[in-house]
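Counted the way my numbering counts, the sequence shown spans residues 17 to 560. Just so you know, even glycine gets a beta-carbon here, dropped at the ideal spot from N, CA and C. Bear in mind that the values here come from a model prediction, so they are computed numbers and not experimental data.
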Amino acid sequence: MFVTPPQDGYQIYQLTSVPPAGPATTQITTVTATDSWINFEKEAPWLRGVRVLGVGDGVKEARVERRVRRNIRSLDEAEIETLRRGIDAMKSRPASDPTSWAFQANIHGTFTGSNPLFNQCQHGTDHFFSWHRLYLFHFEQILAEASGDPNLTLPYWDWTEDRALPIAFRQPADATNPLFDDSRFINQGALLPLSIVRDDLNDATAQTSFLGRFGFSSQLEGSPHGAIHVQIGGNMGSVPTAANDPIFWLHHCNIDRLWDHWLNLGGGRSNPTSLGFLDQQFPFAAADGTTVSERVGENLYSRQLGYSYDTTPAPAMPATAESPMMVAAVHPAMTHGHTPDANTDAGDADSTLPQGYQSIASTKQPPGINANAAAGSNLSAPLTLKPHRVEVPMTERARLPFNTVAPAAAEKEQLLIQVVGIEFDHSPAFTYAVYLNLPSDVNDVDRQSLYRLGTLDLFGVPKKVPEGATGTAHTHPLTRTFDATATISRLKNLGLWEDGKVEVVLLPVVSAPPPEKADEYQQSLEASAKKSQVRYREIRILAR
């Protein structure tokens with residue numbers, strides 16, 4: 017985009033088509049040039065984050081430059097040091113300072129804070145992506161100011177290519193490194209599981225709908241997003257403490273990048289357009305320490321926030337979208353402001369019993385009773401690092417919906433499998449892959465994938481919270497839901513389906529440590545399993 021500066025400043029058109037079928041309306045803003053760049057965030061909020069370069073005497077054109085977020089592996093040592101300097105400066109600020117590390121982390125979640133800005137993270141809602149995008153945006157501005165480098169942008173960690181934590185976040189492994197967090201389980205260089213960073217990501221990006229129980233947003237939020245939180249462990253493994261770990265920001269930067277990637281795939285993929293979704297507002301702490309209210313519709317695309325990714329072009333905003341399309345031209349000076357109306361429309365991404373479904377079979381009381389539970393408890397025995405197999409009792413009536421699933425091209429979401437009432441005393445350092453009717457003698461990963469339902473990510477709030485905790489925005493226990501339809505159809509098509517049998521298998525999924533650290537890592541996993549005490553209430557089958 018090019019802007020031609022007249023003597024009295026820049027004039028910008030904001031072209032918005034409202035409504036989609038109606039005529040375009042033109043809104044005009046004057047932006048005054050100061051020094052060597054224009055503060056669009058202040059003078060034209062709808063062009064926030066975009067800098068105009070080359071302003072000065074004799075300059076006839078000014079080039080708009082968007083900030084580019086880069087892969088952490090492409091940063092040189094000086095750039096890594098700038099990142100460290102910014103984080104260190106934020107950590108040195110008092111927790112009461114909205115631009116401090118502690119305050120920013122508490123916006124995502126905390127066990128003890130009572131500030132109205134705290135515990136705002138959107139997990140299990142339609143705004144998982146949109147809220148975190150704005151959260152990253154404001155954090156990035158604070159970080160740049162703290163580092164002393166206004167050009168600093170958040171890097172991302174592409175764990176599909178580099179499954180080990182970036183080396184700068186592991187070494188030096190002491191307090192001299194602001195990027196290091198000693199609570200993690202994979203600081204020794206363990207590789208994240210392929211089933212999470214490859215298979216679960218492919219499952220999520222294959223979805224063409226953004227919303228819905230099995231839409232892109234909820235699928236990716238569960239795994240790889242949540243599963244990677246758990247595999248990293250420590251602070252990252254629990255919602256209320258996750259943002260205390262510096263790797264949180266690079267992980268979520270990659271999640272944000274994958275949103276752009278998903279939109280660029282086309283095939284009908286698009287962001288929500290309902291006013292209920294777009295009018296949702298969230299409060300954040302800005303770089304100057306003030307509280308700002310952000311409307312989703314004005315910040316839905318990375319283009320609107322003035323950045324893109326080095327390997328992923330910023331998706332185009334639809335011309336008919338409520339979000340504005342920006343063009344520039346010289347025009348007599350006018351000013352334009354916009355104050356959005358407040359509204360909410362945050363849907364629940366999971367529930368105990370989805371609307372329109374009924375339970376047709378259930379374990380009711382899983383095998384094993386938790387010895388530490390109160391009398392009459394129907395929780396399962398704590399899960400371990402061994403395979404967990406549960407056969408769901410089936411009546412003749414319960415078998416009927418299974419017979420209607422076609423061997424090929426079956427309609428989605430005919431049959432769901434739920435793991436209900438998941439509890440854990442402390443956040444575990446592992447996840448579980450969930451399979452349907454997996455034979456005990458099938459150990460090959462590719463062969464196992466034929467029976468795969470998905471990943472049980474266990475990212476949430478532990479039952480045992482620190483003393484004095486005032487609660488968080490997230491409830492406990494958890495319920496995880498899997499669409500079994502495609503798996504049943506695939507097994508029927510391959511002649512592998514056994515009529516009348518429904519056995520749900522949970523296989524532990526752990527990261528792969530370096531050989532010299534294998535024994536130490538195994539010991540930490542076993543200790544985590546014993547401490548976490550992962551249990552569930554029932555496994556059930558749902559049909560429409």
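Between the C-alpha atoms of Lys107 and Leu168 there is a straight-line separation of about 17 Å. Counting only residues of its own chain and dropping the five nearest sequence neighbours on each side, Leu208 has a CB closer than 7 Å to the CB of Trp175, Arg179, Ile244, Gln247, Ser527. Per DSSP, the unbroken beta strand (DSSP E) holding Pro299 starts and ends at 297 to 301. Phe127 sits away from Val550, with the two beta carbons spaced by 7 Å or more. The continuous stretches of alpha helix (DSSP H) do not include Thr495, which lies in the beta strand (DSSP E) extending over residues 494 to 499.
Cβ neighbours of Ala191 within its own chain (closer than 8 Å, five residues either side excluded): none. Going by C-alpha positions, Val477 is about 15 Å away from His241. Around the beta-carbon of Arg200, 16 or more other beta-carbon atoms lie within 10 Å, marking it buried. For Gln434, the enclosing beta strand (DSSP E) has its first and last residue at 431 to 438.
Lys479 and Ile433 have their C-alpha atoms some 24 Å from each other. Within its own chain, the residues whose Cβ lies closer than 8 Å to the Cβ of Leu279, once the five positions on either side in sequence are excluded, are Arg285, Ser286, Asn287, Pro331, listed in chain order. Given a length threshold of 4 residues, each whole run of the alpha helix (DSSP H) inside the segment 245 to 321 is given here in chain order: 263 to 280, 291 to 294. Under the criterion of beta carbons closer than 8 Å, Arg468 and Ala449 qualify as touching, at roughly 6 Å. Across the structure, Gln371 and Arg89 are spaced so that their CA atoms are roughly 45 Å apart. Taking a C-beta distance under 7 Å as the contact criterion, His148 and Ala259 do not qualify as a contact pair.
Comparing alpha carbon positions, the residue from Ser324, His442, Ser505 closest to Gly249 is His442. When DSSP reads this structure, Asn87 sits in a beta bridge with Tyr172. For Ala528, the secondary structure class from DSSP, reduced to helix, strand or coil, is strand. Partner residues in the beta bridge of Thr447, as assigned by DSSP, are Val525. Residue environment: Asn315 is assigned as buried (16 or more neighbouring CB atoms within 10 Å of its CB, all protein chains considered).
Listed in chain order, the non-local C-beta contacts of Glu519 below 8 Å within the same chain comprise Arg405, Val406, Glu407, Val408, Leu452, Asn453, Leu454, local neighbours out to five positions each way being set aside. The C-alpha of Glu177 lies about 9 Å from the C-alpha of Val213. For Pro444 against Leu523, the beta-carbon gap comes to about 14 Å, at or over 8 Å, which does not count as contact. Beta-bridge analysis with DSSP links Ser324 to Val84. Here Leu291 is exposed. Its C-beta has fewer than 16 other C-beta atoms within 10 Å. Gly228 and Leu236 have their C-alpha atoms roughly 12 Å apart. The Cβ-Cβ distance between Val84 and Asp326 falls below 7 Å. A direct Cα-Cα distance of roughly 8 Å separates Leu507 from Pro423. Note that the C-beta distance between Ala559 and Ile438 is not below 7 Å. In the DSSP secondary-structure assignment, Glu554 is bridged to Val436. Selection Pro188, Thr115, Glu95 evaluated against Leu170 yields Glu95 as nearest (Cα-Cα). Looking only at Leu474, Phe298, Gln539, the smallest Cα-Cα distance to Asn135 is reached by Phe298. Taking all protein chains in view, the Cβ of Asp261 is crowded by 16 or more other Cβ atoms within 10 Å, so the residue is classified as buried. Taking C-beta atoms as the reference points, Leu321 and Phe153 count as a pair closer than 7 Å. Inclusion of Leu474 and Thr503 in the CB contact set at 7 Å is not warranted, their separation being larger than that value. Taking Ser548 as the centre and dropping the five residues before and after it, the same chain places the C-beta of Phe440, Asp441, His442, Ser443, Pro444 closer than 7 Å to its C-beta, in chain order.
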